[in-house]
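In numbering that gives the first Met the number 0, the protein residues as written are 0 to 210.
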Amino acid sequence: MRTIELNKRQEHILEIVKDNGPITGEQIADRLHLTRATLRPDLAILTMAGFLDARPRVGYFYTGKTGTQLLTENLNKIYVKEYQSIPVVVSENVSVYDAIVTMFLEDVGTLFVVDSKSCLVGVLSRKDLLRASIGKQELSTLPVNIIMTRMPNITTCEKEDLLINVAKDLIDKQIDAVPVVKPTENGDLEVLGRITKTNITKAFVSLAENN
Numbered sequence: 000m001r002t003i004e005l006n007k008r009q010e011h012i013l014e015i016v017k018d019n020g021p022i023t024g025e026q027i028a029d030r031l032h033l034t035r036a037t038l039r040p041d042l043a044i045l046t047m048a049g050f051l052d053a054r055p056r057v058g059y060f061y062t063g064k065t066g067t068q069l070l071t072e073n074l075n076k077i078y079v080k081e082y083q084s085i086p087v088v089v090s091e092n093v094s095v096y097d098a099i100v101t102m103f104l105e106d107v108g109t110l111f112v113v114d115s116k117s118c119l120v121g122v123l124s125r126k127d128l129l130r131a132s133i134g135k136q137e138l139s140t141l142p143v144n145i146i147m148t149r150m151p152n153i154t155t156c157e158k159e160d161l162l163i164n165v166a167k168d169l170i171d172k173q174i175d176a177v178p179v180v181k182p183t184e185n186g187d188l189e190v191l192g193r194i195t196k197t198n199i200t201k202a203f204v205s206l207a208e209n210n
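Structure representation (structure tokens):
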């Protein structure tokens with residue numbers, strides 16, 4: 000992910016504020032021999048990006064933060080709920096054959112297995128289905144609850160979790176997707192969504208483009 004790139008004028012503005020802050024926009028414009036209107040977009044970018052802080056009737060302050068520090072701060076403001084997608088679920092009673100068909104038709108790498116109350120009971124990965132398919136078992140009669148990963152071996156997340164923490168889980172546990180769940184009153188987990196490597200990539204690309 001690329002860090003924030005500043006043009007020469009924005010870098011010059013940072014130096015002026017760093018050496019003379021607090022300083023007003025008019026004073027910065029005078030030092031650069033520019034109008035306040037010309038300078039306004041640059042000041043807005045530097046303030047929104049976090050390099051500068053502005054206070055009414057006082058002026059601009061230099062925050063002292065580097066591009067890397069600001070990027071880290073931004074990552075710590077992205078939550079699961081902002082990028083979760085619709086989960087692809089199957090019943091615990093469906094056959095492995097039907098699960099393979101579902102995975103192919105939905106073009107996903109992970110299926111979430113739910114019970115009759117639509118609560119999470121297992122996860123099926125491509126590896127699980129591949130392992131079952133190369134055996135000598137009859138796939139159309141073999142239920143997925145025989146081969147799925149069960150609790151407590153399922154990594155989950157909630158919509159208020161930080162996306163960066165889910166990304167770490169995907170890397171550490173070498174998995175492709177995590178179900179977004181909501182605990183019910185009786186302790187079950189209702190499946191609300193999913194976070195995949197694609198979701199996380201979209202978030203990071205969006206962050207880079209906005210910066």
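Backbone N, C-alpha and C define an ideal beta-carbon position, used for all residues, glycine too.
All figures in this text were calculated on a predicted structure; none of them were measured in a lab.
Sequence-distant Cβ neighbours of V179 in its own chain, meaning closer than 7 Å and more than five residues away, are V79, Q83, C156, E157, K158, L191, G192, R193 and I194.
Spanning the alpha carbons of F203 and L161 requires a straight line of approximately 13 Å.
Taking each of Q26, N144 and I22 in turn and checking the Cα distance to R54, the smallest one comes out for I22. G121 sits close to V112, with the two beta carbons spaced by under 8 Å. A Cβ-Cβ contact shorter than 8 Å links Y61 with V16. With fewer than 16 neighbouring CB atoms inside 10 Å of its own CB, G134 falls in the exposed class.
In this model, K7 and I44 are separated by some 13 Å (Cα to Cα). Under the DSSP assignment, D18 falls in the alpha helix (DSSP H) whose first and last residues are K7 to N19.
By the 16-neighbour rule on beta-carbons within 10 angstroms, M150 is exposed. The straight-line gap separating the alpha-carbon atoms of A176 and E10 is approximately 41 Å. Counting only runs that start and end inside the stretch 95-152, the alpha helix (DSSP H) elements of at least 4 residues fall at 95-105 and 125-132. Here the alpha carbons of F103 and V87 stand approximately 11 Å from one another.
By the criterion of a C-beta distance shorter than 7 Å, E25 is surrounded in its chain by R35, once the five residues flanking it on both sides are discounted. Residue burial is scored here from C-beta neighbours: G63 has fewer than 16 other C-beta atoms within 10 angstroms and is therefore classed as exposed. Here E189 carries a strand assignment [DSSP, helix/strand/coil]. For L51, the enclosing beta strand (DSSP E) stretches over residues L51 to R54.
With distances taken between CA atoms, A98 lies nearest to N144 out of L188, N144 and K201. DSSP lists L161 as the bridge partner or partners of Y78. Contact annotation: S94 and S139 have beta-carbon atoms nearer than 8 Å. For G58, the uninterrupted beta strand (DSSP E) segment begins and ends at G58 to Y61.
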